[in-house]
Amino acid sequence: LFAVLGADGTPLALTDSRNAAIANAIENDLVPVSVH
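Shown next, in the form of structure tokens:
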């Protein structure tokens with residue numbers, strides 16, 4: 198499960214695909230980073 202969150206923590210996307218999460222982040226003018 199992958200989540201894309203805005204800088205303020207607002208959820209932008211939730212997906213089961215890493216590639217889809219990265220694509221969504223880029224579409225929202227965000228820089229993808231991995232957080233564990």
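Under our numbering, residues 198 to 233 are what the sequence shown spells out, in order.
Heads up, the beta-carbon is just placed ideally off N, CA and C, and yes, glycines get one too.
Worksheet item: DSSP three-state call for ALA204: helix, strand or coil?
Response: In the displayed model, ALA204 falls within coil according to three-state DSSP, outside both helix and strand.
Worksheet item: Per DSSP, which one or two residues make a beta bridge with ALA210?
Response: VAL201
Worksheet item: Can you tell me whether ASN225 is buried or exposed, with buried defined as 16 or more other CB within 10 angstroms of its CB?
Response: exposed
Practice prompt. Using only alpha-carbon positions, find the residue among ALA222, THR212, HIS233 and ALA217 that is nearest to GLY203.
Written response: The residue with the shortest Cα to Cα distance from GLY203 is ALA222.
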